[in-house]
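Colleague: First the structure, which I've put down as structure tokens, then a few questions once you've had a look.
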Amino acid sequence: MSGQLARPVIDTHVIVRDGDQVLLSRRNGPYGHGRWHMPSGKLDQGESLPDGAARELYEETGITVVPVHLRLVQTVHHRQDACTERIGFFFEATEWEGRPVNKEPEKCLALEWFPVHDLPDDIIEYPKAGLRGYLDDSGPLTEHGWQQTGRPLHRS
């Protein structure tokens, strides 16, 4: 152990639900180009998690959600590479106003609704880990990109 404190990037992801459907966005950028993910983005300094999630959702899709109506449903600790860690907080939105529109075409190729039992195969792995953890109800934390050590998470 190096003794250095982790400095993870904090991401918010919003799983917009309309009954049995979820809203996904197709990336238009170098990371994951052409692949699917949920509306998401980085938390700004001084911003609460629900506020950041609501802001990102609006900036990308035009959907307005009251932050207190977002429900935290999954957390993913993601190791992107040897130097970068991310912590993603996944929120469920079931109450909102507006119709989804692509407000960031330079970052998004398309917005589409998918049935939760017929999701596209090409979802980016990190957000897919959070979405699967939520849909499978596998517990509140998913680790992604970490080599499993076999050590217990809690020591007595």
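UniProt numbering puts the sequence shown at residues 1 to 156. Glycine included, every Cβ here is placed at the ideal spot set by N, Cα and C. As the structure is a prediction and not an experimental result, all values here were calculated from the model.
Out of curiosity, what's the CA-to-CA distance linking G88 and P115?
Modeller: Taking the straight line from one Cα to the other gives about 23 Å.
Colleague: Just to confirm, is the Cβ distance from T12 to A53 under 9 Å?
Modeller: yes
Colleague: Decide if the region 10 to 25 is in contact with the region 35 to 53; the criterion is three or more beta carbon pairs, one per stretch, under 8 Å apart.
Modeller: yes
Colleague: Just to confirm the assignment: which complete alpha helix (DSSP H) runs, minimum length 4, are found wholly within the region 31 to 61?
Modeller: 49 to 61
Colleague: Considering only the alpha carbon of each residue, which of G3, C108, E125 lies closest to N28?
Modeller: C108
Colleague: Determine the direct distance from the alpha carbon of D121 to that of D51, and round the result to whole angstroms.
Modeller: 30 Å
Colleague: Judging by CA-CA distance, which residue of H77, E97, E112, G145 is the nearest neighbour of L23?
Modeller: E112
Colleague: Out of R86, I123, Y134, D136, which one is the CA nearest neighbour of R7?
Modeller: R86
Colleague: Compute the Euclidean distance between the alpha carbons of A129 and R79, then round it to the nearest angstrom.
Modeller: 12 Å
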